[in-house]
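Everything on this sheet refers to the single structure shown next.
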């Protein structure tokens, strides 16, 4: 048999002779074998390995890569295409739910059962498990793309049928995350009792429909008292990377000028007068004792406290105030169209605005009954 040049002789520290070889598998991979006692043993192993490679039966050994490593690579690239608020939301979901399960696991050892167990666990914990499923799937898709694994086990799980309990939770969250007219009036009265700044803040939120981030970075230069307009040109977002709030363009980069009622503007003017005694330097409309803007948590705590004071009995979020504004606009003036509200709320897509119709107030049945009664009388 012709001598195989790839087989090399070497010696151990005790001068015992051994044989080894290196074989190129493809353009990007080589593999080695060593420890053979004789040349013939090494030659047989070499020829068998070459045959496997020629018949495409040889599998290149994978690097030992953890889910955490793939996630880090994926999120580093993905965050360049998303807003900081979206990144923070995704980051939290991984930190709280996904990485505790998969973080330390080698991606090539994650099984379909591991993924199914995770889905079942998430379903028990939270109402909307699908974002967790989709984000985990994307990371494992990345592992496939880098050829760490051949297929994505998360794509082979059976998604549970949504239970009646989860449906109820989702329905309650959607249907009741707003204040009725009576409730918002009680809420604003309670805010007034807490002080002029809280009253001015929530009055502005309820009568403008602006986002929380937009409200936190409002400055007095954005308030046009002469013409009763508020200009929305920026929003405040929390940077997880730098652990601080930063001012960014508005969501969807849609600047807008909002017409306001005179009563709200008078309340803002009164607050500006009171605030002037504190000699605030940063010109924020709503500011803490140091003159800086309030944090999201700060105003969230205000709202939670007020909800308790009016004995609301359910959770209405800051975003729920925005829905309250839109829903009450529809209730108070039926001639207002989704296009009108889309412009005011700064939605890029009117479909988002149309979804607000689902947030019907308690007056909806009454209005329908009146309409049916009128129809019967004609």
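In our numbering, the protein residues as written are 4 to 381.
Built from N, CA and C at the ideal position, the CB exists for glycine as well.
Sequence-distant residues of the same chain with beta carbon closer than 7 angstroms to residue i, five excluded per side
{"i": "residue 207", "result": "218, 267 and 271"}
{"i": "residue 199", "result": "273, 274 and 277"}
{"i": "residue 246", "result": "For residue 246, the pLDDT reaches just 48, beneath the cut-off of 50, and the residue's location in the model is therefore unreliable, although a value from the coordinates is still provided. So the list is empty, once near-sequence residues are dropped."}
{"i": "residue 223", "result": "275, 286 and 288"}
{"i": "residue 81", "result": "none"}
Beta-carbon contacts of residue i that lie in its chain and below 6 angstroms, excluding the five residues immediately before and after
{"i": "residue 88", "result": "240"}
{"i": "residue 119", "result": "160"}
{"i": "residue 257", "result": "349"}
{"i": "residue 51", "result": "none"}
{"i": "residue 142", "result": "73, 74 and 77"}
{"i": "residue 61", "result": "55"}
{"i": "residue 157", "result": "118, 139, 140 and 143"}
Distance between residue j and residue i (C-alpha atoms, nearest Å)
{"i": "residue 147", "j": "residue 193", "result": "55 angstroms"}
{"i": "residue 348", "j": "residue 212", "result": "6 angstroms"}
{"i": "residue 70", "j": "residue 78", "result": "12 angstroms"}
{"i": "residue 153", "j": "residue 126", "result": "27 angstroms"}
{"i": "residue 363", "j": "residue 86", "result": "The predicted position of residue 363 is uncertain, since its pLDDT is 47 and thus under 50; a value taken from the coordinates is nonetheless stated next. Those two C-alpha atoms are separated by around 30 angstroms."}
{"i": "residue 56", "j": "residue 129", "result": "48 angstroms"}
{"i": "residue 106", "j": "residue 73", "result": "9 angstroms"}
{"i": "residue 179", "j": "residue 149", "result": "45 angstroms"}
{"i": "residue 5", "j": "residue 155", "result": "45 angstroms"}
{"i": "residue 383", "j": "residue 98", "result": "Residue 383 lies beyond the stretch modelled for the chain, which goes from 4 to 381, so this question has no answer here."}
{"i": "residue 351", "j": "residue 235", "result": "15 angstroms"}
{"i": "residue 25", "j": "residue 110", "result": "27 angstroms"}
{"i": "residue 84", "j": "residue 151", "result": "24 angstroms"}
{"i": "residue 214", "j": "residue 116", "result": "41 angstroms"}
{"i": "residue 104", "j": "residue 338", "result": "52 angstroms"}
Delimiting residues of the alpha helix (DSSP H) encompassing residue i
{"i": "residue 143", "result": "133-148"}
{"i": "residue 162", "result": "No alpha helix (DSSP H) contains residue 162, which DSSP labels as neither H nor E."}
{"i": "residue 190", "result": "184-197"}
{"i": "residue 104", "result": "102-105"}
{"i": "residue 257", "result": "Note, residue 257: premise wrong, no alpha helix (DSSP H); not H, not E."}
{"i": "residue 341", "result": "341-348"}
{"i": "residue 92", "result": "87-96"}
{"i": "residue 325", "result": "321-335"}
{"i": "residue 17", "result": "Per DSSP, residue 17 belongs to no alpha helix (DSSP H) and is neither H nor E."}
{"i": "residue 218", "result": "215-219"}
{"i": "residue 126", "result": "115-128"}
Terminal residues of the beta strand (DSSP E) in which residue i lies
{"i": "residue 11", "result": "10-14"}
{"i": "residue 299", "result": "Note, residue 299: premise wrong, no beta strand (DSSP E); alpha helix (DSSP H) at 299-312."}
{"i": "residue 25", "result": "20-29"}
{"i": "residue 232", "result": "232-235"}
Closer than 7 angstroms: residue i CB and nearest the ligand COA heavy atom
{"i": "residue 199", "result": "Absence of the ligand COA from the depicted structure is noted, as is the absence of any ligand whatsoever, leaving it without description."}
Chain-order list of residues whose beta-carbon lies under 8 angstroms from that of residue i (same chain, five-residue window excluded)
{"i": "residue 23", "result": "10, 11, 13, 35, 36, 37, 38, 39 and 45"}
{"i": "residue 205", "result": "190, 191, 194, 305, 306, 309 and 324"}
{"i": "residue 27", "result": "33"}
Residue-chain proximity (residue i, chain D), Cβ-Cβ < 8 angstroms
{"i": "residue 281", "result": "Of the chains in the structure shown, none is chain D; there is only one protein chain."}
Rounded distance between the beta-carbons of residue j and residue i, thought under 8 angstroms
{"i": "residue 303", "j": "residue 321", "result": "6 angstroms"}
{"i": "residue 346", "j": "residue 259", "result": "7 angstroms"}
{"i": "residue 332", "j": "residue 344", "result": "6 angstroms"}
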